[in-house]
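In what follows, a single structure is set out as structure tokens and then discussed.
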Amino acid sequence: MNSVSFVGFALLCAGLFFFISGIRTGEIWAAKVHLKLSRRHQPVLFWFTAAVFLLLVGVGVVFLLNPLGL
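The numbering of the sequence shown is our numbering, which starts it at 34 and goes up by one.
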């Protein structure tokens, strides 16, 4: 496994972790406030944003850069 594949795999794992954490946090948040969005619970949006960003970057690194041999 070369360094590009390793970095891409690490980003994918990080993205999945953030996504799962975001789902769990979102479920707890929804149960507590009954889906009413308040300012103190906005970190839930951060979890999903971080997850999507890391997943997209990881997929890009693994599937776009790796075949180029970079």
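C-beta: ideal position from N, C-alpha, C; glycine also. Predicted model, so just to flag it, every value in this text is computed and none were measured.
inquiry  = What does the alpha-carbon distance come out to for the pair V95 and L89?
reply    = Within the sequence shown, residue 95 is the residue found at index 62, counting from 1. Within the sequence shown, residue 89 is the residue found at index 56, counting from 1. In a straight line, the C-alpha of V95 is about 10 angstroms away from that of L89.
Rounded straight-line distance, which links the Cα of F81 to that of S38 = Here residue 38 is taken as the residue at index 5 of the sequence shown, counted from 1. Here residue 81 is taken as the residue at index 48 of the sequence shown, counted from 1. Those two C-alpha atoms are separated by around 24 angstroms.
inquiry  = Just to confirm my understanding: we take A47, look at its own chain, exclude 5 residues before and 5 after, and list those with CB closer than 7 angstroms. What are they?
reply    = Here the question's residue 47 lines up with position 14 in the sequence shown. Same-chain partners within the cutoff: L87.
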